[in-house]
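Keeping their order, the protein sequence lines are chains A and B.
Using this note's numbering, the first residue of the first sequence is number 1, and each one after it goes up by one.
Using this note's numbering, the first residue of the second sequence is number 111, and each one after it goes up by one.
Just so it is clear, CB atoms sit at the ideal spot from N, CA and C, and this is done for glycine as well.
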Amino acid sequence: GQSLEQPSEVTAVEGAIVQINCTYQTSGFYGLSWYQQHDGGAPTFLSYNALDGLEETGRFSSFLSRSDSYGYLLLQELQMKDSASYFCAVWSGATNKLIFGTGTLLAVQP
Amino acid sequence: DVKVTQSSRYLVKRTGEKVFLECVQDMDHENMFWYRQDPGLGLRLIYFSYDVKMKEKGDIPEGYSVSREKKERFSLILESASTNQTSMYLCASVGQLNTEAFFGQGTRLTVV
């Protein structure tokens, strides 16, 4: 089957760096994505990793290790507006499914 | 600006009613998905479609069906609504490169 695990909650202070981990099990892995969802809103795309290594987009970076079935989202210079839920997602080429993790609620404190 | 539009933002239905949730995308995407989101459970896949008239069961298809008669429209049908189907329903579409999913604004369905 397919499954993704990520921590349920993370708390950090403004200006800090936080890392949200994701481990996955899937068949026919294509890539690992990250999405942000503010309370009451729809998920929005942050990043996609198909190959091993680090992808950087502004304050956000995402890392993938295919051999370890593991990835993380790194948020730097945290701002209050980064308080949201963050989901990792995998696309399975074997089943054509896009599967999401249960989400990590990030609380940024002043 | 790319768009996925869900027909209703909020919906209240009675137990036993047949409910239609509509989703339309304007990006000519092949793949469309229906998820439900409940606190602590993340986004759970109900059904998805990778082409017109094609549909596949997701992880929690019981009590639901779907229809994809046109490429841009993917409908979720609750054959006989029950209170345990009270939830937030999210539609998403993904293009052939399978990298980014675009979501609609969600439909918060309450079954009473």
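Item to check | Interface positions of the segment 17 to 30 of chain A facing chain B (Cβ-Cβ less than 7 Å), listed along the chain | outcome: Y30
Checklist entry - Among residues of its own chain, excluding the 5 on either side of B:S118, which ones have a beta-carbon nearer than 6 Å to its beta-carbon? => result T217
Next on the checklist: Which runs of the beta strand (DSSP E) at least 3 residues long sit entirely within the segment 145 to 187 of chain B? Give them in chain order.
Outcome noted: 152 to 159, 174 to 180
Checklist entry - According to the neighbour-count rule (16 or more other Cβ atoms, all chains shown, within 10 Å of its Cβ), is B:H139 buried or exposed? => result buried
Next on the checklist: Could you check whether B:L188 and B:Y174 sit closer than 9 Å to each other, using their CB atoms as the reference points?
Outcome noted: yes
Checklist entry - What distance in whole Å lies between the Cβ atoms of A:S8 and A:T104, which are believed to be in contact at a cut-off of 8 Å? => result 7 Å
Next on the checklist: Going by DSSP in three states, B:N194 sits in which element: helix, strand or coil?
Outcome noted: helix
Checklist entry - Is DSSP giving B:K123 helix, strand or coil here? => result strand
Checklist entry - How is B:K113 classed by DSSP in three states: helix, strand or coil? => result coil
Item to check | Extent of the continuous beta strand (DSSP E) run through A:T94 | outcome: In the sequence as displayed, the identity of residue 94 of chain A is Ala instead of Thr. A:A94 -> no beta strand (DSSP E), and no H or E assigned at all.
Checklist entry - Looking only at its own chain, which residues have a Cβ that is under 7 Å from the Cβ of B:G168, when we skip the five neighbours before and after it? => result L155, I156, Y157, F158
Item to check | Distance between A:Y86 and A:L106 (C-alpha atoms, nearest Å) | outcome: 7 Å
Checklist entry - Between B:D148 and B:S197, what straight-line distance do the alpha-carbon atoms span, to the nearest angstrom? => result 6 Å
Next on the checklist: Alpha carbons only, please: which of A:V90, A:F63, A:R59, A:A89 is nearest the one belonging to A:G15?
Outcome noted: A:R59
Next on the checklist: Considering only their Cβ atoms, is the gap separating A:E5 from A:T95 smaller than 9 Å?
Outcome noted: no
Next on the checklist: According to DSSP, is A:M80 part of a helix, a strand, or is it coil?
Outcome noted: helix
Checklist entry - Between the C-alpha atoms of B:E182 and B:V122, what's the straight-line distance to the nearest angstrom? => result 25 Å
Next on the checklist: Short of 6 Å in beta carbon distance, which residues of its chain neighbour B:K113, apart from the five on each side in sequence? Order them along the chain.
Outcome noted: D136
Next on the checklist: Between which two residues does the beta strand (DSSP E) holding B:V221 run?
Outcome noted: 217 to 221
Checklist entry - Taking the alpha-carbon positions, what's the B:C133 to B:G214 distance? => result 8 Å
Checklist entry - So which of B:D161, B:Y120, B:R124 has the shortest CA-CA distance to B:G205? => result B:D161
Checklist entry - Whose Cβ in chain B lies nearer than 8 Å to the Cβ of A:T102? => result G150, L151, G152
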